[in-house]
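The next block holds one structure in the form of structure tokens; read it before the comments.
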């Protein structure tokens, strides 16, 4: 059943797209009625607390984004943050980095301590997998793990521009906060982990298999981050071959010249 396959996370709109791609055509109103009759509900959202501590004497970078998350290509803006997961063995800390354009988690690391080494591992993973150009904006909160000298040196070595949220303003890192909520609402809050290894396995599977490669995002035109990135690169190649007569639109695979002004 599509509701189970999508981990009970899709509303009517995304579920309709999922069914259509599997050869089942049904209207949105009819689908909504069927969901009600079968008592199919999405997993409920919960609130979670912030993790990092901005009270330190380390240098802080200015906010280059000011809540304007509008990149036009992959690897222009990354948002980084830390969160934690409860296990019977103790806390598991998770550092993540999200590409704002594709919604893809490009780097992450997990460990039993919330340190600069943990955030550094996540950053190195993102750098190795994406090989971004110089000038990419790396945005985070003011936690000591991101303000640490060693972490800033890595950013400088790879030509990243450092941006940091205002003190105590979670909306300045909204894309990453959104992912944490999604991860916990759709996956982690439905488990009781005996140890950290169990949590690590579930988190890795959710990010690598489901979130990046399968989970449909409405702002990406109801396709997955990996599919969206691939479509972007395909259109970039096509644009190069046609001397720029084709443009990529965020919500479609092709944008004819006469509609440039509409996107």
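Residue numbers (the numbering used here): 354 to 616. Heads up, the beta-carbon is just placed ideally off N, CA and C, and yes, glycines get one too.
Exposure label - residue i; buried when at least 16 CB within 10 Å
{"i": "residue 419", "result": "exposed"}
{"i": "residue 432", "result": "buried"}
{"i": "residue 500", "result": "buried"}
{"i": "residue 571", "result": "exposed"}
{"i": "residue 452", "result": "buried"}
{"i": "residue 314", "result": "Since the first residue of the chain shown is 354 and the last is 616, residue 314 is not available in this structure."}
{"i": "residue 472", "result": "buried"}
{"i": "residue 373", "result": "exposed"}
{"i": "residue 498", "result": "buried"}
{"i": "residue 557", "result": "exposed"}
{"i": "residue 502", "result": "exposed"}
{"i": "residue 518", "result": "buried"}
{"i": "residue 485", "result": "buried"}
{"i": "residue 590", "result": "exposed"}
{"i": "residue 380", "result": "exposed"}
{"i": "residue 596", "result": "exposed"}
{"i": "residue 552", "result": "buried"}
{"i": "residue 492", "result": "buried"}
Residue i beta carbon near the ligand MN (any heavy atom closer than 8 Å)
{"i": "residue 569", "result": "As presented, the structure is devoid of all ligands, the ligand MN included, so that no description of it is given."}
Cβ-based neighbour list, residue i, same chain, cut-off 7 Å, excluding 5 preceding and 5 following
{"i": "residue 455", "result": "427, 578, 581 and 582"}
{"i": "residue 464", "result": "446 and 471"}
{"i": "residue 511", "result": "480"}
{"i": "residue 411", "result": "497, 500 and 501"}
{"i": "residue 462", "result": "448, 471, 474, 475 and 478"}
{"i": "residue 560", "result": "458 and 461"}
Three-way DSSP call (helix, strand, coil) for residue i in this model
{"i": "residue 585", "result": "helix"}
{"i": "residue 453", "result": "coil"}
{"i": "residue 425", "result": "coil"}
{"i": "residue 464", "result": "strand"}
{"i": "residue 501", "result": "coil"}
{"i": "residue 471", "result": "helix"}
{"i": "residue 373", "result": "helix"}
{"i": "residue 445", "result": "strand"}
{"i": "residue 458", "result": "strand"}
{"i": "residue 576", "result": "strand"}
{"i": "residue 402", "result": "Residue placement at residue 402 is poorly supported in this model, since its pLDDT is 49, which falls under 50; the coordinates still yield a value, given next. Note: residue 402 maps to coil in three-state DSSP."}
{"i": "residue 386", "result": "helix"}
Same chain, Cβ closer than 6 Å to residue i, neighbours up to 5 away in sequence not counted
{"i": "residue 547", "result": "441"}
{"i": "residue 490", "result": "417, 430, 514 and 516"}
{"i": "residue 530", "result": "523"}
{"i": "residue 562", "result": "none"}
Delimiting residues of the beta strand (DSSP E) encompassing residue i
{"i": "residue 433", "result": "430–438"}
{"i": "residue 492", "result": "490–493"}
{"i": "residue 515", "result": "514–517"}
Own chain partners of residue i with C-beta closer than 8 Å, once the 5 adjacent residues on each side are dropped
{"i": "residue 528", "result": "422, 432, 451, 453 and 456"}
{"i": "residue 370", "result": "569 and 575"}
{"i": "residue 415", "result": "516 and 517"}
{"i": "residue 549", "result": "440, 442, 443, 445, 463 and 465"}
{"i": "residue 565", "result": "457, 458, 577, 578 and 579"}
Residue-level contact to chain C via CB, residue i, 9 Å cutoff
{"i": "residue 580", "result": "Note that chain C does not occur in the displayed structure, where there is just one protein chain."}
Taking only runs of the alpha helix (DSSP H) that begin and end inside the region 521–568, which ones reach a length of at least 4 residues, in chain order? 527–539 and 549–558
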